[in-house]
Each structure stands twice: as structure tokens, then as C-alpha cells.
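As they're listed, the protein sequences go chains A and B. The first sequence stops at residue 310 when you use UniProt numbering, and every number in between is there. The second sequence stops at residue 310 when you use UniProt numbering, and every number in between is there. Beta carbons: idealized from backbone N, C-alpha and C, even for Gly.
2 protein chains.
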Amino acid sequence: NNKQFDSSPEDLPFHYWALFDGHAGSGVAVMASHLLHHHIALHLQEVMDILVSPSLATPICLGEEPEKKVSHESLVVGAIENAFKDMDFQIEREKSVYNISGGCTALVVVYLLGNLYVGNAGDSRAIIIRSGEVVPMSSEFTPESERQRLQFLAYMQPHLLGNEFTHLEFPRRVQRKEVGKRMLYRDFTMSGWAYKTIDDDDLKFPLIYGEGKKARVLATIGVTRGLGDHNLKVHDSNIFIKPFLSCCPEVKVYPLSQFEHGADDVLVLGTDGLWDVLSNQEVAEAVSCFLANCDPDDQHRQVITPSSSL
Amino acid sequence: NNKQFDSSPEDLPFHYWALFDGHAGSGVAVMASHLLHHHIALHLQEVMDILVSPSLATPICLGEEPEKKVSHESLVVGAIENAFKDMDFQIEREKSVYNISGGCTALVVVYLLGNLYVGNAGDSRAIIIRSGEVVPMSSEFTPESERQRLQFLAYMQPHLLGNEFTHLEFPRRVQRKEVGKRMLYRDFTMSGWAYKTIDDDDLKFPLIYGEGKKARVLATIGVTRGLGDHNLKVHDSNIFIKPFLSCCPEVKVYPLSQFEHGADDVLVLGTDGLWDVLSNQEVAEAVSCFLANCDPDDQHRQVITPSSSL
Chain A
1 NNKQFDSSPE DLPFHYWALF DGHAGSGVAV MASHLLHHHI ALHLQEVMDI LVSPSLATPI
61 CLGEEPEKKV SHESLVVGAI ENAFKDMDFQ IEREKSVYNI SGGCTALVVV YLLGNLYVGN
121 AGDSRAIIIR SGEVVPMSSE FTPESERQRL QFLAYMQPHL LGNEFTHLEF PRRVQRKEVG
181 KRMLYRDFTM SGWAYKTIDD DDLKFPLIYG EGKKARVLAT IGVTRGLGDH NLKVHDSNIF
241 IKPFLSCCPE VKVYPLSQFE HGADDVLVLG TDGLWDVLSN QEVAEAVSCF LANCDPDDQH
301 RQVITPSSSL
Chain B
1 NNKQFDSSPE DLPFHYWALF DGHAGSGVAV MASHLLHHHI ALHLQEVMDI LVSPSLATPI
61 CLGEEPEKKV SHESLVVGAI ENAFKDMDFQ IEREKSVYNI SGGCTALVVV YLLGNLYVGN
121 AGDSRAIIIR SGEVVPMSSE FTPESERQRL QFLAYMQPHL LGNEFTHLEF PRRVQRKEVG
181 KRMLYRDFTM SGWAYKTIDD DDLKFPLIYG EGKKARVLAT IGVTRGLGDH NLKVHDSNIF
241 IKPFLSCCPE VKVYPLSQFE HGADDVLVLG TDGLWDVLSN QEVAEAVSCF LANCDPDDQH
301 RQVITPSSSL
């Protein structure tokens with residue numbers, strides 16, 4: 001599900017690419033592919049006057065003199081962050097009206113004023129290949145990478161676990177006959193492991209369970225950020241998954257205009273379907289090899305440079 | 001407040017150094033300097049049988065065959081993490097009996113089986129100087145570096161703010177006449193900034209306020225991790241600070257035995273009193289310059305190598 005979109009307030013070149021990986025139905029992925037860029041454009045519009053004036057510092061209160069150094073980049077980051085939130089609110093509002101099913105991860109790239117902004121909520125991945133070297137532009141949000149956030153939330157709002165799950169992590173399911181024995185565990189404050197004496201409460205199913213690709217939140221879902229999923233529940237229960245899924249992206253900034261780029265330098269966006277089977281390096285080699293054997297004027301090549309407006 | 005301590009279960013060389021920076025009284029700093037290493041030793045004792053058998057994998061449940069790869073290092077990390085927690089519990093239990101005042105940051109270094117473990121809760125800093133190069137061994141916990149954790153907690157448990165503070169961050173205090181205007185803000189999900197329309201709720205004092213060294217949590221304290229402070233309240237209120245202060249350290253591992261070290265390679269522990277006025281590089285230069293002019297047999301030199309037992 002790949003989209004491109006050009007908008008230019010006051011002729012400002014603005015490019016957008018995105019990748020939505022749906023689960024439990026395509027509804028949310030399709031809706032986000034149609035609408036997320038509008039939310040981003042709306043938020044950017046609010047700060048466009050500031051962004052287009054390179055000499056203008058950011059005012060704390062609109063219409064005032066600036067008093068604090070807030071970079072123009074951080075306004076774009078804030079716009080993308082809040083656009084994801086608005087998109088998710090809209091999905092929640094309209095899900096029953098339009099019968100929108102499932103959820104999706106979202107990986108977006110915005111080019112604006114010489115920078116690439118890569119926003120990621122989910123387990124898709126973006127890399128830039130520059131002179132054959134890989135520049136990672138996102139990091140994956142999975143039950144393992146977000147363990148401490150999820151455990152912290154469950155610790156503070158234990159009712160979200162419906163008395164069926166424990167927020168503690170154990171390396172494997174605890175068995176009844178092991179109550180009283182000492183088993184490895186991790187709490188939300190820990191990155192190391194320690195032993196604790198198992199009690200009855202530890203017999204509950206762990207909030208995060210399984211390793212690597214098999215890791216699941218509440219025995220249900222293997223990704224911890226994205227859009228939608230408002231109706232998703234633990235099988236055969238009234239426990240909602242959504243409170244643990246964050247719709248907020250991590251946004252990284254790549255100063256495109258500050259680097260020299262050749263014709264074979266590319267940005268690659270892929271879902272876990274790609275990255276589960278190929279490493280960054282393997283993808284870089286495959287792409288470089290393909291481009292080396294490819295006509296420079298090939299119509300599938302789309303070149304973006306700071307001076308071009310596509 | 002600097003301490004050294006040697007304990008050796010089954011003649012295992014175990015070295016310990018620590019730095020405690022007290023505030024609002026020295027009670028907690030003195031207590032922690034006397035006791036924290038005992039808590040660490042207790043937790044290490046529990047896993048010592050595993051640690052001293054290099055060939056033994058870590059069993060999930062004590063007495064069982066191992067089933068998952070949990071490194072020996074992560075057991076030491078877990079032991080240090082839980083020792084800080086136990087120390088903080090003990091301070092809370094005994095604070096009224098012994099009239100222990102204030103709180104402290106804690107930076108500890110444990111040498112065990114070829115590794116240095118650096119645990120940090122607060123704004124002290126440890127660096128290793130190796131061949132004149134600086135290796136950072138801790139990162140500081142301040143209202144700025146921990147903003148999102150603190151805001152997340154306040155968002156989920158708003159009663160902790162006593163209706164006097166807002167969990168949102170604003171670049172400066174909002175004035176009543178600005179209600180209805182658009183001002184920059186950040187929520188716990190954001191790393192960028194955006195504008196919001198100011199409402200009455202935003203007139204409350206921000207949970208985190210001030211920049212750099214002046215940044216404070218609840219207008220009270222400038223450090224966000226450490227031991228003690230159980231009685232600390234916002235001035236003239238019933239709002240406790242402690243829920244926002246974490247006693248949990250971040251533990252970094254330095255594989256001492258895997259590097260070549262010269263006689264002038266050192267580990268430096270300093271409080272913010274040092275790092276506020278000197279950079280890592282300036283400290284490295286001062287130390288290197290001092291050692292170059294210093295007798296190699298100087299009794300103030302204490303050399304630790306993987307083969308020595310001090």
C-alpha cells in the first residue's frame with residue numbers, strides 16, 4: 001500500500017511516501033493511505049509561515065516575539081506526531097460508521113525544505129543507501145523493543161490486564177507445581193534478569209510472551225505501534241489490546257541537502273515481510289546491483305534532490 | 001562520599017566503588033554508602049553458583065536445565081538493579097526510626113569476573129579514559145532526559161499532580177491573558193513541538209519546568225533518579241515528589257578483560273559538581289597530564305587488572 005502525494009503551500013515542494021501494513025483486515029490500512037497525508041498537511045499548514053522564513057525564530061506564542069530556541073525541524077516532527085494521533089482518532093470515530101476493520105503499521109517519509117522526515121509506528125523499516133553504505137532511518141516497535149513501556153503501563157493501570165495477565169516477564173510459562181520455586185523474571189525497571197520466588201499471581205499469563213517474531217502482547221498481537229485496532233480484544237475475553245498499542249511514531253530527520261548523493265543512492269521502505277528474510281546489507285546489495293544494470297533514464301527511477309521539485 | 005569494598009564468595013575477586021551525592025541533608029547518602037554494597041552482595045550471592053561456572057548456562061527455574069539464553073552478565077545487571085530497589089525500600093522503612101533526611105544520587109561500579117558494571121541513578125557521571133580516549137559509562141537522569149517518562153506517569157496517574165500541575169510541557173509559564181491563543185507545547189508522546197490553543201487547565205504549573213541546570217520536577221528537584229526523598233513534598237502542598245523519582249539505575253557493562261589497558265587508563269567518577277564545569281575531554285586531559293607527572297609507584301595509584309585481585 002504505497003502512496004505518493006505532492007502539496008505545495010506557497011509553492012513549497014512537499015513530497016510524501018508511505019507504507020501501511022494491515023492486519024485483521026485491510027480497512028484501516030486503506031483509510032490511512034487515503035487520509036494520513038491530509039492530517040500531516042493540516043498540521044504543517046499551521047506552522048508554514050514560520051517554516052518558510054529561514055530567518056524567523058519560532059515564537060512560543062503565535063504572534064509574539066520568539067523567546068526560546070525551538071528548531072523549525074522540531075515543528076515538522078511535532079506536526080507528523082500529531083497527525084498520527086489525529087488519524088487514529090478519526091479511525092476510532094468513523095470505525096463503526098464505515099465498518100473499518102483491523103489495524104495497520106505506518107511508515108511515512110516527508111520531504112520538506114531540504115530534510116527527509118521518517119516517521120514510524122510499527123515494525124516496518126526505512127533505510128537510506130548512500131554510496132553503498134546503509135543509514136538506518138527507523139527502528140522497529142515490537143513487544144521486545146517496547147517491553148518496558150508496556151510493563152510500566154500495566155503496572156500503573158493493572159485493571160487493563162483483567163486479572164488474567166501479569167505485567168512481569170518470565171522466560172517461559174510458569175507451572176502450578178513451580179509455585180515456591182525460584183524462577184527468572186524481569187520487571188519494567190529492569191534490563192537484567194533476576195530470580196524471584198514464584199507465587200500464585202505469577203501463574204497468570206505474561207503480558208509479553210514469546211521470543212523474536214513470536215513475541216506477542218496479551219497473547220494477541222506482535223506489533224506495538226500503529227493505527228486502528230480499537231476493537232481488538234484478547235480472544236474470548238473483554239480485555240482490550242488498544243491501550244498498549246501506541247499510535248505515536250518515532251520521527252527521525254535526515255538532512256538530505258547536507259550530503260552529496262549519487263544516482264544510485266536510494267531510500268528503501270519495507271515491511272517486516274522484507275526485513276524478516278533480508279538484512280539491511282543484503283537489501284543494499286540487491287538494490288545497488290539492480291541499479292548498476294539499469295538504464296539511468298528508466299522511468300521507474302524517480303530522483304529527488306534538494307533543488308528539484310520532482 | 002567514596003567507598004571501596006572487597007568481598008569474595010569462594011575467593012572471587014569482587015571490587016566496588018561508589019559515589020553518593022546527597023541533597024536536603026546527608027542522611028540518605030551516608031546510609032547508602034554504608035549499605036548499598038551489602039544489598040548488591042546479597043543479590044549476587046543468589047546467582048554466584050551460576051556466575052562462577054563459565055560453562056553453566058542460566059537455568060530458568062533454579063535446579064532445572066537451562067532452556068533460554070540468559071547471559072551471566074544480565075544476572076549481574078539484574079542483581080544491581082534489584083539491590084538499588086531494596087536499598088530504597090530499606091531507607092523508606094527506617095527513615096522515621098533513624099530520622100534519615102533527604103535523598104541522594106547513586107553511581108556504583110562493580111568489578112566482577114572480567115567486567116566492570118556501572119550502575120547510575122542520578123546526574124553523576126562515570127567515564128573510562130583509555131589511551132587518552134573517553135568511553136562514557138553512564139548517562140544522566142534529569143528532568144530533561146526523563147521528560148517523557150515523567151509526563152507519561154502523570155498522564156496515567158493525574159492525581160499525583162494534586163490539581164496544581166499540568167503534565168504538558170510549555171516553553172514558559174502560560175499567562176491568564178493568553179487563554180485562547182496558540183502556544184507551543186509537548187505531550188509525553190512527542191519529541192517535536194506543536195501549537196495548541198491554551199485553555200484554563202494549561203494555566204497550571206508545568207510538571208517539568210526550566211531549562212538545563214534550572215529544570216525542575218514539580219518546581220522542586222532537578223534530578224529524577226536516586227535513593228530516598230520519600231518525605232519530599234512540593235513546597236506548601238501535599239504533593240509528594242517521590243512517585244516521579246525512580247530508584248532504578250541504568251547499568252552499563254564494560255568488558256575490562258577484553259581490552260588492553262595501560263597504566264594511565266583510568267575510571268573517573270564525578271558528581272554534577274565536576275561535570276557542570278568540565279567536559280569529559282577536559283577531565284581526560286587533566287587526569288592524563290597529572291598521571292604523566294606522577295610516580296608510577298605512587299601510593300594513590302590503585303591498579304586493577306583482570307588478573308589482579310587488588
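CB-CB length for residue i against residue j, believed under 8 Å
| i | j | result |
| --- | --- | --- |
| H230(B) | E92(B) | 5 Å |
| G102(B) | H43(B) | Incorrect: roughly 25 Å between the Cβ atoms, too far for contact. |
| A215(A) | G222(A) | 6 Å |
| residue 344(B) | A194(A) | Here chain B has residues from 1 to 310 only, and residue 344(B) is not among them. |
| V174(A) | I208(A) | At roughly 14 Å, the Cβ-Cβ gap does not stay under 8 Å, so V174(A) and I208(A) are not in contact. |
| G180(A) | N238(A) | The Cβ separation is near 32 Å, so there is no contact. |
| L116(A) | L256(A) | 5 Å |
| I100(A) | V28(A) | 6 Å |
| residue 317(B) | E169(B) | The shown model of chain B, from 1 to 310, leaves out residue 317(B), and the question about it has no answer. |
| C248(A) | E81(A) | 6 Å |
| T41(B) | M87(B) | Note on residue identity: the sequence assigns Ala, not Thr, to residue 41(B). 12 Å between Cβ atoms; not a contact. |
| F188(B) | F152(B) | 4 Å |
| P59(B) | I60(A) | Their Cβ separation, rounded to whole angstroms, is 57 Å, which puts P59(B) and I60(A) out of contact at 8 Å. |
| V110(A) | Y254(A) | Incorrect: roughly 11 Å between the Cβ atoms, too far for contact. |
| A57(A) | F84(A) | 27 Å between Cβ atoms; not a contact. |
Collapsed DSSP secondary structure at residue i in the structure displayed
| i | result |
| --- | --- |
| V76(A) | helix |
| F170(A) | coil |
| Y155(A) | helix |
| A215(B) | coil |
| G273(A) | helix |
| L184(A) | strand |
| F290(B) | helix |
| Y16(B) | strand |
| K177(B) | helix |
| D200(A) | helix |
| Y98(A) | helix |
| L278(A) | coil |
| A126(A) | strand |
| E140(A) | coil |
| residue 317(A) | Outside the modelled stretch of chain A, which goes from 1 to 310, sits residue 317(A), for which no answer is possible. |
| V118(A) | strand |
| L160(B) | helix |
| V283(A) | helix |
| L150(B) | helix |
| T105(A) | strand |
| P296(B) | coil |
| L232(B) | coil |
| G192(B) | coil |
| D223(A) | The sequence shown places Val at residue 223(A), rather than the Asp named in the question. Three-state DSSP puts V223(A) in coil, outside helix and strand. |
| L112(B) | strand |
Spatial neighbours of residue i in its chain, beta-carbon cut-off 8 Å, leaving aside the 5 residues before and after
| i | result |
| --- | --- |
| P296(A) | A263 |
| H235(B) | A219, T220 |
| F241(A) | Looking at the sequence provided, one finds Ile at residue 241(A) rather than Phe. Here the set comprises V217, L218, T220, I221, D229, L232, K233, V234. |
| E211(A) | E144 |
Same chain, Cβ closer than 7 Å to residue i, five either side skipped, listed in chain order
| i | result |
| --- | --- |
| D123(A) | T105, E140, F141, T142, V223, D272 |
| K177(A) | none |
| G132(B) | A284, S288 |
| V47(B) | L75, A79 |
| K204(A) | E164, F165, T166 |
| D276(A) | K213 |
| R125(A) | S138, E140, G270, W275 |
| D201(B) | T166 |
| D298(A) | none |
Neighbourhood of residue i by C-beta, 6 Å cutoff - its chain only, sequence neighbours within 5 removed
| i | result |
| --- | --- |
| S246(B) | R225 |
| residue 342(B) | With chain B covering 1 to 310 only, the question about residue 342(B) has no answer from this structure. |
| H72(A) | L51 |
Proximity test, residue i beta-carbon vs the ligand ADP heavy atom, cut-off 8 Å
| i | result |
| --- | --- |
| K242(B) | No copy of the ligand ADP occurs in the structure displayed, which carries no ligand at all. |
Original post:
What are the complete beta strand (DSSP E) segments, minimum 3 residues, inside the region 25–92 of chain B?
Top reply: none
Subject >> Segments assigned beta strand (DSSP E), at least 3 residues, entirely inside the region 235–270 of chain B >> reply: 250–254, 266–270
Original post:
Listed from N- to C-terminal order along the chain, which residues in the region 164–194 of chain B have their beta-carbon within a distance smaller than 7 Å of any beta-carbon of chain A?
Top reply: P171, R172, E178, K181, R182, M183, L184, T189, M190, S191, G192, W193, A194
Subject >> Selection of the region 44–76 of chain B by Cβ proximity to chain A, strictly under 9 Å >> reply: E46, V47, T58, P59, I60, C61, L62, G63, E64, E67, K68, V70, S71, E73, S74, L75, V76
Subject >> Contacting positions in the region 146–158 of chain A - beta carbon closer than 9 Å to chain B >> reply: R149, F152, L153, M156, Q157
**OP:** Please name the residues in the region 80–113 of chain B whose beta-carbon is closer than 8 Å to at least one beta-carbon of chain A, in chain order.
**Re:** I80, E81, N82, K85
Original post:
the region 251–265 of chain B: which residues have C-beta closer than 7 Å to a C-beta of chain A, in chain order?
Top reply: V251
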